[in-house]
Amino acid sequence: GQQVMQIPQYQHVQEGEDFTTYCNSSTTLSNIQWYKQRPGGHPVFLIQLVKSGEVKKQKRLTFQFGEAKKNSSLHITATQTTDVGTYFCAGAWRDSNYQLIWGAGTKLIIKP
Amino acid sequence: KAGVTQTPRYLIKTRGQQVTLSCSPISGHRSVSWYQQTPGQGLQFLFEYFSETQRNKGNFPGRFSGRQFSNSRSEMNVSTLELGDSALYLCASSLAQGVGELFFGEGSRLTVL
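As given, the protein sequences belong to chains A and B, one line each in that order. Residue numbers 251 to 362, in the working numbering, belong to the letters of the first sequence in order. Residue numbers 437 to 549, in the working numbering, belong to the letters of the second sequence in order.
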């Protein structure tokens, strides 16, 4: 079945450094969504990417969808303590009835 | 408008018992999905309901079941509980199947002793 591979599992950064997480699928996605889960919280929707090569920005967050629609990334510039949490991608395929398949998540940890 | 409401928030059961969790979606949302989240396992999809019909099902044993009512509220049931069923169970609603973002509830944290 379809899978979404997300790396890295953890990323430790100093406050002010950048953070990037990557998601890959072996087959072409219909769309991909990104969520953030704060410690002790529930996932919260960040964005959905649909078009090939799409790039969207939300303040310090930049989301990209690959040209082949098989990979996606989330980049955070100059991390802040409020960015701490786990970032998940979730991909959907038309031939899987658009059921979302989730990546394992990348936990962003700010070094003290 | 009110968000997704899950009850109970916390519960403790013993092995062999059964449990029923409830989810009230956002008003107007007709699709409800259920997920199991354990440390290190991410979000594991259980099932999705739309218009009272199960549309998608994850790879869980038959002990896990669910249903959706005509008002879009959903319940999931786990029978013959095992220690490994201890997890956070999250419900998410969306306008329709496969459409747009998911809105998650706070979750029901189940501990099986």
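Built from N, CA and C at the ideal position, the CB exists for glycine as well.
Closer than 7 Å to chain A by CB, E518 of chain B: no
Please name the residue, chosen from B:Q453, B:S530, B:S522 and B:F540, that lies closest to L546 of chain B on a Cα-to-Cα basis. B:S522
By the criterion of Cβ-Cβ separation under 7 Å, what are the contact partners of R491 of chain B in chain A? N347
Along the chain, which unbroken stretches of the beta strand (DSSP E) at least 3 residues long are found entirely within the segment 488-531 of chain B? 489-493, 500-504, 510-514 and 523-530
Could you tell me how far apart the beta carbons of A532 of chain B and S469 of chain B are, in whole angstroms, since I believe they sit closer than 8 Å? About 12 Å separates the two Cβ atoms, so there is no contact after all.
So, with DSSP's three-state summary, where would you put T312 of chain A? strand
I'd like to know whether the C-beta of F540 of chain B is nearer than 7 Å to at least one C-beta of chain A. yes
Roughly how many whole angstroms lie between the Cα atoms of Q308 of chain A and T327 of chain A? 11 Å
Under 8 Å by beta carbon: chain B residues contacting Q283 of chain A: E537 and L538
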